[in-house]
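Each residue of the sequence shown is one higher than the last, beginning at 26 in the numbering used here.
Okay, so here's the structure we're looking at.
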Amino acid sequence: MATAIKKPLTTAQFKKKVLQHLNFTSSQDDLAQNPTAVLKAVCLTVNEVVYEKLTETNKYHKEHKSRSINYLSLEYLMGRMLSNNLHNLDLFDVAQKAVASLGFEIEDIFEEGHDLALGNGGLGRLAACFLDSLATMDFNAVGYGIHYEHGLFKQQFHQGRQIETPDEWREYGNPWEVCRPEAVQYIPLFGHVESIANNDGSVKKVWHSGQTIKGVPWDVPIVGYNSKTVNVLRLWESRASSHFDWDQFNSGAYQDAHSAQNHAETISKVLYPNDETDAGKELRFIQQYFFCACSIKDIIKRYQEQFGDDWSQFSKQVVIQLNDTHPTIAILELMRTLIDEYDFAWNDAFAMCREIFAYTNHTLLPEALEKWSVALFDRVLPRHLEILFSINEFFLNEEVAKLWPNDHQMRGRLSIIEEGPEKMVRMAHLCVVTSFKVNGVAQIHSDLVKSDLFPEFNQLYPNKLTNVTNGVTPRRWLKACNPELSKLLDSKVKTDWAKNLSSLSTVAKFADDEKFQQEFMSIKHNNKVKLAEEILASTGVVVSPDAIFDVQIKRLHEYKRQHLSFLHILALYRRLLADPDYDMHPRVYIFGAKAAPGYYLAKEIIYAINKVADKINNDDRINGKLKVVFMPNYRVTLAEKIIPAADVSEQISTAGKEASGTGNMKLALNGAVTIGTLDGANVEIAEEVGDDNIFIFGNTVDDIKALAANGYNPYDYYNNDEEIKACLDWLHTDYFTPGKPGELSAIAHSLLDGGDPYRLLADFADYAKANTALDQAYKDKTRWARMAIINTAKMGKFTSDRSIQDYVDNIWKLTPMNSKN
Ligand code: NBY
26 MATAIKKPLT TAQFKKKVLQ HLNFTSSQDD LAQNPTAVLK AVCLTVNEVV
76 YEKLTETNKY HKEHKSRSIN YLSLEYLMGR MLSNNLHNLD LFDVAQKAVA
126 SLGFEIEDIF EEGHDLALGN GGLGRLAACF LDSLATMDFN AVGYGIHYEH
176 GLFKQQFHQG RQIETPDEWR EYGNPWEVCR PEAVQYIPLF GHVESIANND
226 GSVKKVWHSG QTIKGVPWDV PIVGYNSKTV NVLRLWESRA SSHFDWDQFN
276 SGAYQDAHSA QNHAETISKV LYPNDETDAG KELRFIQQYF FCACSIKDII
326 KRYQEQFGDD WSQFSKQVVI QLNDTHPTIA ILELMRTLID EYDFAWNDAF
376 AMCREIFAYT NHTLLPEALE KWSVALFDRV LPRHLEILFS INEFFLNEEV
426 AKLWPNDHQM RGRLSIIEEG PEKMVRMAHL CVVTSFKVNG VAQIHSDLVK
476 SDLFPEFNQL YPNKLTNVTN GVTPRRWLKA CNPELSKLLD SKVKTDWAKN
526 LSSLSTVAKF ADDEKFQQEF MSIKHNNKVK LAEEILASTG VVVSPDAIFD
576 VQIKRLHEYK RQHLSFLHIL ALYRRLLADP DYDMHPRVYI FGAKAAPGYY
626 LAKEIIYAIN KVADKINNDD RINGKLKVVF MPNYRVTLAE KIIPAADVSE
676 QISTAGKEAS GTGNMKLALN GAVTIGTLDG ANVEIAEEVG DDNIFIFGNT
726 VDDIKALAAN GYNPYDYYNN DEEIKACLDW LHTDYFTPGK PGELSAIAHS
776 LLDGGDPYRL LADFADYAKA NTALDQAYKD KTRWARMAII NTAKMGKFTS
826 DRSIQDYVDN IWKLTPMNSK N
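So, in structure tokens, the structure goes:
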């Protein structure tokens with residue numbers, strides 16, 4: 026380690042502080058009974074170090090007038106914070122010893138912590154990884170988000186069906202966050218716009234709002250790994266602007282006085298649980314605006330504290346990254362503020378916005394591309410709508426018309442407003458028009474953004490569309506979650522691989538070293554033993570750590586094709602029933618996935634997997650060769666347990682549908698071998714590990730396009746493949762749902778009469794073949810060990826530090842702390 030930061034506390038000092046907090050902050054005397062109190066005391070102890078570093082970080086950036094990146098995201102999937110913060114501050118062993126001397130195992134203390142689950146899936150977790158990298162690399166960054174009272178719902182299974190219960194992550198407080206009343210903001214909503222004529226003939230617009238909401242910021246510190254930085258994640262909570270209407274109260278309308286408060290507080294109450302569909306609900310729109318307005322006001326306030334009314338430095342000081350289109354209203358809010366509150370000319374305000382905003386696209390799925398009705402805009406944000414129209418007018422008349430004169434079709438296609446029975450605002454178009462850079466999240470995805478999603482925009486703005494391949498933080502996703510493997514890597518790699526992940530490539534030279542292979546695979550085995558215990562505890566199913574642990578963990582969605590794996594499991598089961606000696610290494614299929622509560626087929630897929638699992642796991646005829654478990658309540662903390670124990674990583678989306686994937690990176694980093702399609706970041710993973718160390722199968726993006734062009738008919742596969750036919754027919758029987766035939770029919774129906782929109786049947790045979798090859802490879806222990814080691818060794822590209830460096834070099838143009846010239 027080149028420049029290790031000094032350990033901030035000794036074990037004795039740490040223990041003393043923990044005891045002080047137990048005594049004076051929590052008034053706890055009976056320690057042994059109360060691991061929760063110990064957790065809190067440990068967090069408060071860590072906070073003493075964290076807040077001191079935060080103050081230093083702020084001081085440095087003020088003095089040096091550092092340009093800042095402001096990351097706007099409706100979602101942050103942070104998971105638990107303690108273990109990560111201890112690792113990043115190099116206090117892990119200190120805390121472990123201190124806690125042990127109080128009679129506790131540090132892991133048991135971690136188990137008391139709640140996940141901060143303020144996100145749905147990949148997009149929210151990416152934001153969390155990026156914050157970790159930004160702090161680790163000493164960049165001046167603020168994450169802005171919403172302080173949801175309830176994060177993503179908790180999932181239970183009742184007789185195989187998903188049941189959602191509310192997430193109460195801060196029912197008893199969150200030790201990491203601090204409220205910042207001094208930075209409260211007031212946000213206007215509704216009302217009307219008045220036009221006032223100025224003496225010079227121009228018109229001044231005044232927005233008379235109908236309601237004001239208070240935004241209260243909560244700061245969560247983000248601790249860099251072995252760095253000088255602690256940044257903040259600032260989360261906005263909505264409150265009624267005046268807590269109580271005393272006039273109403275005094276006139277006897279007690280209930281009404283409360284209702285305004287309830288209405289205001291509803292805004293930050295709950296995270297919308299849809300991962301790939303636009304909810305289209307008014308409350309969601311207000312959430313987005315509330316959060317954007319608070320964040321823009323805060324960014325301006327921070328700027329003005331340093332530069333006062335001099336706007337000349339604003340775009341040099343500030344860059345804003347929009348994490349998908351969800352925070353797009355921030356663009357309109359900045360325009361409105363500059364024009365209406367600071368008297369900017371329209372052109373100057375627009376030019377400024379075009380220097381400040383950049384947008385990341387995370388999906389090509391049409392149902393995920395956000396649209397809001399013009400009518401809703403008009404009711405909630407009348408002034409913003411006017412500004413939006415003015416941007417559209419400029420765009421169509423000054424830019425579209427120049428390149429495509431008199432082309433009405435083109436105007437209609439590119440317009441920010443979609444005409445139709447109900448006029449809609451295309452949020453992505455507003456983003457592309459106003460941002461200076463637009464990026465996709467893996468090379469193949471960014472290429473498709475250019476060629477299929479926004480080809481005309483790419484013509485109009487030739488250098489705007491670009492790629493930044495996603496990454497994951499190796500601190501959480503290797504160092505903290507897989508301590509044994511980390512130690513082994515420490516022994517072989519001289520530099521600090523957690524900060525320089527490419528240095529792991531040196532372990533590739535041990536890929537054929539018998540001793541190293543043994544050490545590597547015995548760590549995997551130990552991790553599998555631990556996961557097997559967890560599986561038994563959460564599902565009641567006994568699994569053998571000698572079996573292949575085959576993992577598919579991600580949100581449940583048809584395009585991710587959990588049901589392709591499910592269909593293949595049925596096929597394997599059928600082969601085993603036909604021939605109990607069927608040659609296959611025992612395999613445990615491990616699923617983890619939440620379905621959006623309103624997504625019918627996703628929930629049917631969960632049910633079907635659970636029902637088939639019940640049958641298979643209790644069938645003595647197949648000699649335990651096949652097991653299937655669906656672990657409930659998949660979340661960051663569960664991922665941290667599953668990933669180190671995975672042998673196989675299932676990344677089997679329909680080519681062209683998964684923008685990137687990030688679980689694929691985490692699993693490969695921990696030595697799992699991917700079976701996957703040429704989709705998202707799988708393509709780049711294959712490039713890094715080489716064809717011998719990954720199982721690629723299925724139709725490519727071009728093949729998938731050709732299938733559609735030739736008139737895709739799923740019945741062709743059904744009628745010509747006896748195995749497909751038998752498995753689909755099986756679903757209509759009561760074999761898996763005794764006495765209730767047809768309970769699993771929905772899947773078969775969607776694949777046949779539903780047209781198989783995600784082309785499962787077209788990929789089935791090749792998937793089955795790849796699985797056979799995988800099975801053969803696993804049986805050769807040396808070969809498999811080599812593959813697993815190469816996967817870990819070659820993941821250097823996929824650290825989120827590299828993603829952040831790409832953003833910094835190509836989009837944000839930041840300078841880190843202490844590297845000023
Ligand atoms: O973003 C995911 C992509 O599917 C995945 O391929 C990629 O690796 C990851 C990070 O770039 N997208 C995702 O997680 N999206 C959402 O969670 C999401 C949430 C809300 C809405 C849409 C998508 N929404 O419309 O409200």
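Beta carbons: idealized from backbone N, C-alpha and C, even for Gly.
On a predicted model such as this, the values are computed, not experimentally measured, just so you know.
- Task: Name the residue from Asp644, Leu602, Ile677 and Leu651 whose alpha carbon lies nearest to the alpha carbon of Val613.
- Result: Leu651
- Candidates His112, Ser91 and Ala818: closest to Ala505 by CA position: His112
- Message: Does the structure place the stretch 696–712 close enough to the stretch 824–835 that three or more beta carbon pairs sit under 8 Å?
- Response: no
- With distances taken from CA atoms, which of His588, Glu193, Gly764 and Ser685 is nearest His387? For the options His588, Glu193, Gly764 and Ser685, the alpha carbon positioned closest to that of His387 is the one of Ser685.
- How many whole angstroms separate the CB atoms of Thr702 and Ile719, which I take to be in contact at a CB cut-off of 8 Å? Thr702 to Ile719, Cβ: 11 Å. No contact.
- Item | Through-space distance from Tyr584 to Leu177, alpha-carbon basis | Between the C-alpha atoms of Leu177 and Tyr584 there is a straight-line separation of about 21 Å.
- Task: Could you name the residues of the same chain whose beta carbon sits closer than 6 Å to that of Thr531, not counting the 5 residues immediately before and after it, in chain order?
- Result: Val518
- Between the C-alpha atoms of Gly723 and Leu589, what's the straight-line distance to the nearest angstrom? 12 Å
- Query: Any heavy atom of ligand 3 closer than 7 Å to the Cβ of Tyr314?
  - Reply: Here the bound small molecules are ligand 1; ligand 3 is not part of this structure.
- Query: So, Leu529 versus Thr817, is the Cβ gap smaller than 8 Å?
  - Reply: yes
- Item | Neighbourhood of Arg646 by C-beta, 7 Å cutoff - its chain only, sequence neighbours within 5 removed | Leu602 and Pro605
- Query: Roughly how many whole angstroms lie between the Cα atoms of Asp537 and Val714?
  - Reply: 15 Å
- Boundaries (first-last residue) of the beta strand (DSSP E) holding Lys230: Counting along the chain, the beta strand (DSSP E) containing Lys230 begins and ends at Val228 to His233.
- Integer Cβ distance of Ile238 from Ser267, believed to fall under 8 Å: With 8 Å as the limit, Ile238 and Ser267 do not qualify as a contact, their Cβ atoms being about 11 Å apart.
- Query: So what's Tyr367 in DSSP terms, helix, strand or just coil?
  - Reply: Three-state result, Tyr367: coil.
- Message: By the three-class DSSP mapping on this structure, what secondary structure does Cys317 have?
- Response: Residue state for Cys317 is assigned as helix, using DSSP reduced to three classes.
- Task: On a CA-only basis, which of Leu44, Tyr760, Ile94 and Leu34 is nearest Leu77? Give me that one, please.
- Result: Residue 77 is actually Glu in this sequence, not Leu. Ranking Leu44, Tyr760, Ile94 and Leu34 by Cα distance to Glu77 puts Leu34 first.
- By Cβ distance, which residues of its chain are closer than 7 Å to Cys855, with the 5 residues on each side in sequence left out? In the structure as shown, the chain begins at 26 and stops at 846. Residue 855 is therefore absent and cannot be evaluated.
- Task: Could you spell out the range, first to last residue, of the alpha helix (DSSP H) harbouring Thr679?
- Result: Per DSSP, Thr679 lies in no alpha helix (DSSP H) segment and is marked neither H nor E.
- Message: For a minimum of 3 consecutive residues, which ranges assigned as the beta strand (DSSP E) are wholly contained in the stretch 136–178?
- Response: 141–143 and 166–171
- Leaving out five residues on either side along the sequence, give the residues of the same chain with a beta carbon under 6 Å from the beta carbon of Asn552. Pro669 and Ala670
- Trp429 by DSSP, collapsed to three states: which one? coil
- Coil, strand or helix - Leu602 by DSSP: The answer is helix: DSSP assigns Leu602 an H, G or I state.
- When burial is assigned at 16 or more other CB atoms within 10 Å of the CB, is Ala680 buried or exposed? With 16 or more other Cβ atoms within 10 Å, it is buried.
- Message: Using the three-state DSSP reduction, which class does Val466 fall into: helix, strand or coil?
- Response: coil
- Task: Could you tell me which residues DSSP puts in a beta bridge with Tyr101?
- Result: Leu143
- Query: Closest by CA to Leu389, which one among Lys41, Gly779 and Gly705?
  - Reply: When only C-alpha atoms are compared, the closest one is Gly705.
- To which residues of the same chain is Ile188 closer than 6 Å at the C-beta, ignoring the five residues directly before and after it? Gln181
- CB-CB length for Tyr328 against Val343, believed under 8 Å: 6 Å
- Task: State yes or no: is the C-beta of Ile354 within less than 8 Å of the C-beta of His409?
- Result: yes
- Do Ser516 and Thr491 come within 8 Å of each other at the CB atom, strictly closer than that value? Between Thr491 and Ser516, the C-beta gap is not smaller than 8 Å, which leaves the two residues out of contact.
- Message: Counting C-beta neighbours from all protein chains within 10 Å, is the total for Gln430 16 or more, i.e. buried, or is it exposed?
- Response: Residue identity differs from the one stated: residue 430 is Pro in this sequence, not Gln. Label assigned to Pro430: exposed.
- Message: Is it buried or exposed, Tyr197, if we count other Cβ atoms within 10 angstroms and call 16 or more buried?
- Response: exposed
- Message: Using C-beta distances below 8 Å, list every residue in its chain close to Gln73, excluding the 5 sequence neighbours before and after it, in chain order.
- Response: The residue you asked about is not Gln; residue 73 is Glu in the sequence shown. Excluding sequence neighbours, Glu73 sits near Lys42.
- Message: Judging by CA-CA distance, which residue of Glu443, Thr494 and Arg436 is the nearest neighbour of Val463?
- Response: Thr494
- Query: Is it the case that the CB of Leu151 approaches a heavy atom of ligand 1 more closely than 7 Å?
  - Reply: yes
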